[in-house]
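First comes the structure, then the notes that go with it.
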Amino acid sequence: MKIFGGIRDLIRNLKLRQRMILVYAIGCLLPLVVVCIIMFNSARNSLIDMQKKEELRKLEDEKEELENSMNLAVELSEKIYFDSETKKIGIPIAGADQDILIDFRGFKTLSDYINIYYDSISTVCIYVNEGVVDRVDNKNFRLLSDTIKDKNWYRNTVENSGLPNWSYLTNVATGRRSLRLTRVLYTRDKNMAGIISITIDPSLTNKFVDNSDELVCTALNGKDIVHANFNVDEDLLEQIIEFAQDSRKDVFFRYNDKKFYVSSVKIVPRYSEDYYEIYVMRPYEEILEMTRGAARRSVFPIIGGVIIMLLAIFFLNSWFSKRISALGKAMHNVTEKNYDISETGIGDAKDEIWDLYNDMNKMVTDMQRLSEAAAEERLQKEQLYSRQKDVEFKMLATQINPHFLYNTLENIRMLAMINKEKEIEDISVRLTKLLRGSLDVGSDLKTLEWEMDKIDCYIKIQDYRFGDRIKAELEYDKEAARRYMVMPFVIQPFVENAYVHGMEEMEENGHISIKAVIDKEIKLLVEDNGCGMTEEELGSILENMNDFENLDRTHIGVVNVNQRIKLKFGEEYGVKISSKYGKGTKVEIRLPLVEK
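Structure (C-alpha cells):
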C-alpha cells in the first residue's frame, strides 16, 4: 500500500507537461505495444487457419477425385450385377447345356467395362465357385478357393448380401496396396453365383501421398493403413485419428519430437458403411516461420510510426503547455484584481482553451453582475418583508380590540339570558365564537372544519338580519375537513362582501353558496346571485389585489387574504375573482393540500 501511495503522490505532484507525457505513454505507447502483440498473435492464428484451410482445400479436391472414382466403381459393379450376360454365370452349376459354355468362352463383358472406365479402374474380375471356372477359358474369372473364403474381405462381402464392400489388395511384387470393391453376384433364384471384384488404379490413391511435402497417410475404416509416405503403424494411426478429431486450435500432434497440425477428410462411397480417410500432418514450425517473416516485414513500419507519434506528441505537448501556462497567468491576474487579461499569449486557435479564456472574460463580468443582483435581491427581500409587516399592521389597524368586544358580548349574552331573549343570546354566542377565533389569526394553520364552523356562525348571525331574503348554504366533506389545514379567516371577507355589496339591496331570492372542493389542492368557492360588478369595478379590484402601497379599507380584506396566501404558499396560489353585472360574483381561493 505504501508503494501505491508513493506512486499516487508522485503523479499528483507532477506538472501538467509531465502528466501529459505520462498520459501519452500510457494511452498511446502501451496500447500500441499491446495491439502489436495481439496483432502478431492474431496474424499467427490467421496464418495457421489459412494453412489449415489450404490443406483442407487440397484434401477436399483429392476427396472429390477419389470419391468420384470410388462411386464409378460402385456404378460399374451395378452394371455388371444387372448385366444379362453376367446373370448366366451361375447356370452351369445347375447343369446347363453346351451352348451356354460356348458363350462363356467368348465372354468379353468385363473387358469392355474396363475399357470404358480405364482412367480409374485397374482390374475387374469375378470370383466363381468350382464347377464354373474350370470349364470357362476367360482371364476375368477366378476360382473361389478355400484360402480366399477364409479371407476377411470375402466374409464381409458375403455378410453385406449384395451391398458393396471395400477392402484393400496388396501387390505381392511391389507391396503397394490398392482399394478394392467387392459384392456378391446372385442368380435369378437368389443363389450366390460369384463375387464381383473391382480394383481402383493405385496411382489415383497413392499419387497425393507420394507427391506431398507433408506427412500423409491413408486408412480404410479407421484401422487399415492403405498407403503412407512415412513409417506408421496401427498405434500411431490411432493417435493421428484422435488428434484429427480434436477441434481445439492449441492441440498439436507430436511425432519425432516435433509439433504437427493434423488435417483429414473422410470419403464414404455410395451404398456402403465403409469409409476411406486421408490424414495430412503439417509441421507447426513451418507456420511459425511464416509468422516470424510477416512480423519482421511489419516491424519497420511500426518503428517508423512510433517515431512519428513521439515527435507529434512532443510538439503538441509543448504547444499545449505554453497555452495552458498563459491561461494560468491570466487567471492569476484575475485573482490579483487585475481584470485586464486581453494580452495573455493564448493565441488564436479556437479550441477548448480559447473557450476557457472567453468564459473567464465572461466570468469577470458576471461576477460584477452577480454582486449587483445579490444586492438587489437582498433589497427586494427587505421590501417584501416590509410590505408583509405593513399588511399585518394595516389589518390590525382596522380591527377593534377583540378582548374588549369579547368581554362586552359576554355581558350582553348574560343580560339576554336573564331577560330570556333567546335570539339575542344566540347572536351573542356566535359573535363571541367569531371574536374568539379572531384572536388566533396569525401564521398558524387551522383545520378546514374550524374555518367552516366560523363561517357557519357568521351566516347564522346574518340570517337574523336578512331573514328569508338571503339564504346561504355550506357544502363540504366533513371527514376530509378534519384532515386538512387552511389559513384562518380566508373565506369570511368574501362572504361578507357577498352580503354587503352583492345582495344587500335584494328584496328576495338571494342565494350564497360556499363550497370546499378537495382534490390535488383545496379550492374554496364563494358564489352569489347578487348584482355583480361591471368590468371596470372588477378590473379595479384585481389591480388593487397586488397593490401593497395603496391599501384602503374597501379592499383590505381581499388584498389581505390574497397576500397572506401568496406569502405563505407561493405565487401559484391565491384568490381569483370573476363577476358579471346583474348576475352575480364568484370567488375561487386556491390552497395547497396540507394534512393535519
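Residue 28 is where the sequence shown starts when you use our numbering, and the numbers rise one by one after that. Every residue, glycine too, gets a C-beta built ideally from N, C-alpha and C.
Exposure of residue i, with buried meaning 16 or more beta-carbon neighbours within 10 Å
i, result
"LEU406", "exposed"
"ARG182", "exposed"
"SER69", "exposed"
"ALA121", "Since pLDDT at ALA121 reaches only 41, below the 50 mark, its modelled position is unreliable, and the value read off the structure follows with that caveat. When all chains shown are included, ALA121 counts as exposed."
"VAL151", "buried"
"THR362", "exposed"
"ILE445", "exposed"
"ASP301", "buried"
"THR392", "exposed"
"ILE568", "buried"
"GLY609", "exposed"
"PRO229", "buried"
"SER73", "exposed"
"VAL160", "A caution first: VAL160 carries a pLDDT of 49, below 50, which makes its placement in the model too unreliable to give a value."
"THR435", "exposed"
"ASN587", "buried"
"LEU338", "exposed"
"THR201", "exposed"
"MET77", "exposed"
C-beta atoms of residue i and residue j nearer than 9 Å
i, j, result
"PHE535", "TYR491", "The residue you asked about is not Phe; residue 535 is Glu in the sequence shown. No, Cβ-Cβ distance for GLU535 and TYR491 is not below 9 Å."
"GLY537", "ILE497", "yes"
"ILE175", "LEU206", "no"
"GLY464", "PRO520", "no"
"ILE148", "VAL243", "no"
"VAL211", "ASN187", "yes"
"ILE482", "LEU462", "no"
"LEU472", "VAL621", "yes"
"ALA255", "TYR303", "no"
"ILE268", "ASP260", "no"
"GLU499", "ILE486", "According to the sequence displayed, residue 499 carries Ala and not Glu. Against a cut-off of 9 Å, the Cβ pair of ILE486 and ALA499 comes out as a contact."
"MET97", "LEU208", "yes"
"TYR288", "ILE53", "no"
"GLN266", "PHE280", "yes"
"LEU57", "VAL333", "no"
"TRP193", "SER325", "no"
"ILE539", "VAL527", "no"
"ILE488", "ILE454", "yes"
Proximal residues to residue i (C-beta, below 8 Å), its chain only, five neighbours per side dropped
i, result
"LEU83", "SER290 and VAL292"
"ASN344", "ARG44, MET47, ILE48 and TYR51"
Closest residue to residue i among the options (Cα-Cα distance)
i, options, result
"ARG617", "LYS623, LYS595 and GLY609", "LYS595"
"PRO191", "ILE48, GLU241 and ARG297", "ARG297"
"LEU196", "ILE225, SER172 and PHE168", "ILE225"
"TYR503", "VAL527, ILE488, ASP546 and HIS528", "ASP546"
"ILE48", "LEU93, GLU532 and TRP346", "TRP346"
"LEU231", "ILE539, VAL391, LEU93 and LEU56", "LEU93"
"VAL614", "LYS623, GLU598 and ILE541", "ILE541"
"ARG169", "ALA220, ALA200 and LYS593", "ALA220"
"ASP480", "LYS505, GLU87 and PHE493", "LYS505"
"ALA271", "ASP386, ASP382 and LYS79", "LYS79"
"ARG203", "ASP237, ASN587, THR214 and ASN179", "ASP237"
"TYR511", "LYS106, ASN248, ALA200 and LYS623", "LYS623"
"ARG71", "ILE107, ILE340, LEU86 and GLU313", "GLU313"
"LEU86", "MET336, ASP110 and SER239", "SER239"
"VAL522", "LYS106, GLU448 and CYS484", "CYS484"
Same chain only: Cβ atoms within 6 Å of residue i, ignoring 5 sequence neighbours per side
i, result
"GLU89", "PHE235"
"GLY611", "ASP555, ASN556, GLY557 and GLY559"
"LEU171", "TYR154 and ASN156"
"SER606", "GLY559, MET560, LEU565 and THR612"
"VAL513", "LEU475, GLU478 and LEU618"
"ILE294", "LYS90, LEU93, GLU94 and TYR303"
"LEU551", "ILE518, ALA543 and ILE616"
"GLY601", "ASN589, ILE592 and LYS593"
"ASN385", "none"
"LEU442", "none"
7 Å Cβ shell around residue i - same chain, five flanking residues per side excluded
i, result
"GLU241", "VAL307, MET308 and ARG309"
"ARG323", "none"
"TYR213", "GLY189, MET219 and ALA220"
"VAL585", "PRO520, ILE568, MET572 and VAL602"
Cβ-heavy atom distance, residue i to the ligand PLP, below 8 Å
i, result
"VAL101", "In the structure shown, the ligand PLP is absent, as is every other ligand, since no ligand is present at all."
**OP:** Report yes or no: do the region 348-358 and the region 61-77 share at least 3 C-beta pairs separated by less than 8 Å?
**Re:** No, the region 348-358 is not in contact with the region 61-77.
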